[in-house]
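A short write-up of the structure that comes next.
Number of protein chains: 6
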Amino acid sequence: MRILVVNVNTTQSMTDSIGRTARSVAAPGTEIVPLTPLFGADSVEGNYESYLAAIAVMETVRHYDQPFDAVIQAGYGEHGREGLQELLEVPVVDITEAAASTAQFLGHKYSVVTTLDRAVPLIEDRLKLAGLDARCASVRASGLGVLELEADPQAAVEAIAAEAVRAVQDDHAEVICLGCGGMAELNERVAARTGVPIVDGVAAAVTIAESLVRLGLKTSKVRTYAPPRPKTFKDWPPRT
Amino acid sequence: MRILVVNVNTTQSMTDSIGRTARSVAAPGTEIVPLTPLFGADSVEGNYESYLAAIAVMETVRHYDQPFDAVIQAGYGEHGREGLQELLEVPVVDITEAAASTAQFLGHKYSVVTTLDRAVPLIEDRLKLAGLDARCASVRASGLGVLELEADPQAAVEAIAAEAVRAVQDDHAEVICLGCGGMAELNERVAARTGVPIVDGVAAAVTIAESLVRLGLKTSKVRTYAPPRPKTFKDWPPRT
Amino acid sequence: MRILVVNVNTTQSMTDSIGRTARSVAAPGTEIVPLTPLFGADSVEGNYESYLAAIAVMETVRHYDQPFDAVIQAGYGEHGREGLQELLEVPVVDITEAAASTAQFLGHKYSVVTTLDRAVPLIEDRLKLAGLDARCASVRASGLGVLELEADPQAAVEAIAAEAVRAVQDDHAEVICLGCGGMAELNERVAARTGVPIVDGVAAAVTIAESLVRLGLKTSKVRTYAPPRPKTFKDWPPRT
Amino acid sequence: MRILVVNVNTTQSMTDSIGRTARSVAAPGTEIVPLTPLFGADSVEGNYESYLAAIAVMETVRHYDQPFDAVIQAGYGEHGREGLQELLEVPVVDITEAAASTAQFLGHKYSVVTTLDRAVPLIEDRLKLAGLDARCASVRASGLGVLELEADPQAAVEAIAAEAVRAVQDDHAEVICLGCGGMAELNERVAARTGVPIVDGVAAAVTIAESLVRLGLKTSKVRTYAPPRPKTFKDWPPRT
Amino acid sequence: MRILVVNVNTTQSMTDSIGRTARSVAAPGTEIVPLTPLFGADSVEGNYESYLAAIAVMETVRHYDQPFDAVIQAGYGEHGREGLQELLEVPVVDITEAAASTAQFLGHKYSVVTTLDRAVPLIEDRLKLAGLDARCASVRASGLGVLELEADPQAAVEAIAAEAVRAVQDDHAEVICLGCGGMAELNERVAARTGVPIVDGVAAAVTIAESLVRLGLKTSKVRTYAPPRPKTFKDWPPRT
Amino acid sequence: MRILVVNVNTTQSMTDSIGRTARSVAAPGTEIVPLTPLFGADSVEGNYESYLAAIAVMETVRHYDQPFDAVIQAGYGEHGREGLQELLEVPVVDITEAAASTAQFLGHKYSVVTTLDRAVPLIEDRLKLAGLDARCASVRASGLGVLELEADPQAAVEAIAAEAVRAVQDDHAEVICLGCGGMAELNERVAARTGVPIVDGVAAAVTIAESLVRLGLKTSKVRTYAPPRPKTFKDWPPRT
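Chains as they are written, first to last, in my numbering: chain A, 2 to 241; chain B, 2 to 241; chain C, 2 to 241; chain D, 2 to 241; chain E, 2 to 241; chain F, 2 to 241.
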């Protein structure tokens, strides 16, 4: 099967990193196709860029001209998953929800450790909409921006692990979700520091997408995610 | 003061209708500037168009080159308000939230009557995120599409009033919110049929925006709606 | 239009202060009529006085013999608003709810800073009943009694600002509501200390009441706030 | 021990009925003292009368000049219990909460059957504040006014039993609370019609009050129900 | 009347202690029958032992061959109450729920102080299922194991009182529930240290069970707690 | 990898059916080991049998003397999963939670269709504890007992499909979970009748268990699911 894994920012090296993570857990026979959005910001750290990423991810998937079996939206706490579900019949998996769903099988409460403090409310809102907030102990920020994770992985591990330890000790989290697509490769080092299971959203999403495909399950089309009605569009998609 | 009232679809006649409603309730000295998005669908009836509208509304407001004091996003149950709040210091008022906030001053429970059934989950989700769902008795659909409201206002009144009556009788709503920017001018006729207060989102939003401006209140910039961080954008904004 | 602004305690200087605040934000053409309850306690700082104030406010409004267009109950976290809504057709606005509703347009979470710790549960309960608690980050007490606010405004500003800063830093509030009718005139000085929008309940309530009147909206009479049924009263109202 | 059972309306025959019910379940050695409020409405069927009853019940208890061990407020869905708790050290038991607490020991969900539809939101609000709403399947109204219950007990049994049966069949209630002080003596006949346990609030409250006294438990005075602070009162209490 | 008070662990001295507590509050004419489970662990401090205790308590009650009027399950935060309710018609009272229900009549919020930290999530889950979590300020652990309470009562008092004080000061609890069957006899000493009402679950459960019996109320049999359907059992009950 | 799939009842033919379903979706290289409990009821349709099954499943897994990588508890709405998680380090997946987690990736709301009405509250409670209830539209019962599903599969399909259709039309479910281990093989036929995705808990659990193993994730041991403390057991395990 072929799974599209779509980055939400336009930084190619992060798409590459996400792709490596996805491939490292994919089953034999699963082809991972990492995609970088056709347009948008080099990092997504707030609502403006996130809304732009939402529509960019949709356009990017629409431009992809080969068959595929599932799509993973590889941004943490980002807008847009519902739109993809309308456009597609194949399953769409958001990494925020994939991580939380997976964490809930491993402990009584989980926490998310993300990048900047300003991302916290976005993640909280996505978890609330997804109905996955009841067992979320906290969403904590390491204080590092998305691109800083790439620039200094060792500092990133320190900052993330420090917040993860606080989540376990102060908030009673029993599992930690790494709340950024770009944190994927730091997984093991953080795990070693905290003593609790660490869930990476991209990895979790790959196995969930594979599972849905294997079970023959597709997005329900009876109501919320019915295909868009025919429309007349003004000046869209943009001329490129 | 000058208030931008931004339609979410690209149908000029609906922008005109929204503008008329806004002007009909605006205080003396308030200038209403109705705007049609620079791009997007002629009606917004689902997540794909709504996400596109979110970014179109933001770009449209960014292109507006005169000073203004507040912005109203005149789409019911649509994405995007948070992005506008990041981009601007002046207050941003979403009509879904304006209507619900207003309705809560008038009765114990309120219901929303919207267009198509597929819009119901979008509205429910926006109310949940806004923390305005606890007193929402129901969100009901008239079954008419956005553009059908314009084409046959009498049928629209019938269909909307029928659902409003059910909301009052079966769901114990005491106030009805008209859940579509395009319903604004049907207000009085529906009120006559139901015997409960009818709240139009555009009208409510105008008075709320005026009030915030008068009180000197602006969007908080300390966390969720801090200005976007500097980014490098790829192929955005689109060439026009 | 004429708006009655009813203090909940019998201290005339606080009625005066509330009246000044109300007039300072009222639109041209709005007449503010501050009223002091006919009976009750000189400050309301708990359930006993609050229940007494509830009925005193109702009797005071019933004794007012001129026409009016809306009523504001100017006590924070107090009982009684539902009773006024039954007695009247014109809109009734409680300042606790007015402040919270307004704050929700300005940030992701808001906090309330009130007077004494014992008032905190009353405010929390009123926000819960009003369905405005989901985005309330915290209700905090400055430790000063209602009349101490008047006696030493500078100490009040210090104490309130200190709690407001804690609400922003520790509870992630992005907006602060001043949780006492008597805090109205401290608004600007607290704002200067905290860097977030400060919402005063009386000011917010005036603009909301004006808006409801301008929109022609009145309290729904179909269920919860239907007029009282005819009753035989024993020894009530009290002989004066 | 001596327990004051305070009616909320000024109809002496209902006080008598409540007193009979209370005595019928009281333990040997418990003295039941039924009290009729010093002032107020002959029946309480809405917020105005309920707020008046709140303060009337408090004044009535304050006028009672003998020692007592607990107080029962015998009105369903009425305001005021928190005020009594401030004024007194002995336990205060509200019959709405007594019935719900008791019902929760007997089935997975319970429903309340009350008098008029307009009382439903009041009861729902009191259960929400009491934190006893999570297992409430529904609050239903028989359509009979408080005094009609007395005038035609047989019609009352029919109307109440009919709603109780609907609550069991449609709402999955497993226990029914009779939602009116005046329903107390209809208990057995309704039980015979529905096949589920019927909880009368007055009876439940008597056993709870006795239990609290026997366990030596009193109202906590550390925060919400601390004694009222010293105040200067204007024209209160009323001259009689 | 005869009430079975069933310990959840197989330590006879704890059954004795529970029995003493129960008898100390029982009404004249109430016979308390303390029972030790036929099988199971000497202390219950986690899900494995708790599930075993659930079935052991049920078997123990089934083996009891005399008539009885109510059953108390004397374990804090333990599984099994629902099973007993299916097997029996007489009321079943869980001490976790008895304590919480009782505490809610005494203050605005209550906290539970239990033994080990690992018991906290079990108690939280039971309170959530019982619908008694809305007014629970916190569940705190003293860090002492169940049997340590017995071995060193003075240290137990210190540890429990310390957490109780934190619950009052930091979590705004106004009442404390002692969260372990084995804490029953420490009640007064902890109360002296904290200044708030202390509720012991066993004592509360005795009065509630007596009350239900006195009111003639039994477990509803219409749905959740209907008697078990006839089954064929393999190798159960165990040969003894 | 080897996955134990443990039936909750002692009917071997149902274990066989569950095993067939599990194997039909297992990845190459996954060995499915279906287990029948060592003791317990031939069908589990209520709390008594469910609590017995909880402890029987634990004992059965403890008796299994080969290595294994994950355990699936194949009963819908049953007790016990938390105990298994304490006893084991490998992942434990409950089919109720597996189905709900999976359904949430496919639609905005899901419903569960189960066997008997009395099972509904058990399933609702398990979903609430699992934090998976926010998007559950309804739990509906077909009215057929567990063993009737086996005896007359065609009638079962009819009854289940009828409730599934009601869930979609009346409750706005967009996905249906089949709420019984024994329904596994009816999946496709029900899907054909309803037009929405049908999720079988056993199939979903297999892919989730495989995914957790593949990701190297195990149950968190820091708090709720820490290994049981050393205990002295009386008369347990039972002599066989």
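Note that CB positions come from ideal geometry on N, CA and C, so glycine has one too. This one's a predicted model, so the numbers in the text were calculated from it and none came from an experiment.
Point to revise | Within chain A, the residues that Pro122 of chain E reaches when beta carbons sit closer than 7 Å | key: His109
Review point. So, do the region 213-221 of chain C and the region 43-56 of chain D have three or more beta carbon pairs nearer to each other than 8 Å?
Key: no
Practice item. Could you tell me if Pro68 of chain A is buried or exposed, where buried requires 16 or more neighbouring beta carbons within 10 angstroms of its beta carbon? Key: exposed
Review point. Does the region 85-95 of chain B come close enough to the region 27-34 of chain B to have 3 or more Cβ pairs within less than 8 Å?
Key: no
Review point. Going along the region 11-42 of chain C in order, which residues come within less than 7 Å of chain B, judged by CB to CB distance?
Key: Val26 and Ala28
Check your understanding: What do you reckon, are the CB atoms on Ala205 of chain A and Ala71 of chain A nearer than 7 Å?
Key -> no
Practice item. Could you check if Asp171 of chain D is buried or exposed, using at least 16 other CB atoms within 10 Å of its CB as the buried criterion? Key: exposed
Check your understanding: Ala75 of chain C to Arg240 of chain C, Cα distance in whole Å?
Key -> 26 Å
Exercise for review: Quick one: which residues of the region 37-71 of chain E get their C-beta closer than 8 Å to a C-beta of chain D? List them in chain order.
Suggested key: none
**Study point:** Contact list for Ala135 of chain C against chain B, beta-carbon separation under 9 Å
**Key:** Lys129, Ala131, Gly132, Leu133, Asp134 and Ala135
Check your understanding: In chain F, which residues lie less than 8 Å from Arg224 of chain A when you measure between Cβ atoms?
Key -> Gly108, His109, His173 and Glu175
Exercise for review: Taking only runs that begin and end inside the region 151-234 of chain E, name each unbroken alpha helix (DSSP H) of 4 or more residues, in chain order.
Suggested key: 154-172, 188-195 and 202-215
Exercise for review: Please go through the region 81-121 of chain D and give each complete alpha helix (DSSP H) segment of 4 or more residues, from N-terminal end onward.
Suggested key: 82-88 and 96-104
Check your understanding: Can the beta-carbon of Tyr77 of chain C be found less than 7 Å from the beta-carbon of Ala174 of chain C?
Key -> no
Exercise for review: Starting from Arg24 of chain D, follow the alpha helix (DSSP H) in both directions and report where the run begins and ends.
Suggested key: Gln13 to Val26
Check your understanding: What first and last residue would you give for the alpha helix (DSSP H) that runs through Leu53 of chain D?
Key -> Asn48 to His64
Review point. What number of angstroms, rounded off, separates the C-alpha of Pro154 of chain D from the C-alpha of Pro229 of chain D?
Key: 42 Å
Practice item. Mind listing the chain D neighbours of Gln74 of chain E? Cutoff is C-beta to C-beta under 8 Å, in chain order. Key: Near Gln74 of chain E there are no residues of chain D at all, since even the closest Cβ is about 12 Å away, more than 8 Å.
Review point. Taking the continuous beta strand (DSSP E) assigned at Gln74 of chain E, which residues delimit it?
Key: Ala71 to Ala75
**Study point:** Extent of the continuous beta strand (DSSP E) to which Ser143 of chain B belongs
**Key:** From DSSP, Ser143 of chain B is part of no beta strand (DSSP E); its letter is neither H nor E.
Point to revise | CA-to-CA distance, Leu128 of chain B to Val45 of chain A, given in whole angstroms | key: 25 Å
Point to revise | Distance between beta carbons of Val158 of chain F and Val191 of chain F, contact taken as under 8 Å | key: 6 Å
Practice item. Determine whether the Cβ of Glu87 of chain B lies closer than 7 Å to any Cβ atom of chain A. Key: yes
Review point. Relative to the alpha-carbon of Leu187 of chain C, which residue among C:Val7, C:Thr103 and C:Arg21 has its alpha-carbon at the smallest distance?
Key: C:Arg21
Review point. Arg167 of chain A versus chain B: which residues are under 8 Å apart at the beta carbon?
Key: Per Cβ cutoff of 8 Å: no residues; Arg167 of chain A is ~19 Å from chain B at best.
Check your understanding: Hey, quick one: how far does the beta strand (DSSP E) through Glu32 of chain C stretch, first residue to last?
Key -> Glu32 to Leu36
Review point. Under the rule that 16 or more other beta-carbon atoms within 10 Å means buried, what is Thr233 of chain F, buried or exposed?
Key: exposed
**Study point:** Span of the beta strand (DSSP E) around Asn8 of chain D
**Key:** Arg3 to Asn8
Check your understanding: What three-state label does DSSP hand Arg136 of chain C in the structure shown?
Key -> coil
Review point. What does Asp126 of chain C touch in chain D if you count any residue whose Cβ is under 7 Å from its own?
Key: Leu130
Practice item. Give the single residue among C:Arg141, C:Arg194 and C:Val203 whose Cα lies nearest to the Cα of Ile260 of chain C. Key: Since the displayed chain C opens at 2 and closes at 241, residue 260 of chain C lies outside it and no answer follows.
Check your understanding: Can a CB atom of chain B be found closer than 7 Å to the CB of Asp95 of chain A?
Key -> no
Review point. Using a beta-carbon distance below 7 Å, is Pro239 of chain A in contact with chain B?
Key: yes
Practice item. Mind checking who Arg127 of chain E pairs with in its DSSP beta bridge? Key: Note: Arg127 of chain E sits in no beta bridge, so no partner.
Check your understanding: Just checking my contact of Ala100 of chain E with Val200 of chain E at CB under 8 Å: how many whole Å lie between their CB atoms?
Key -> 5 Å
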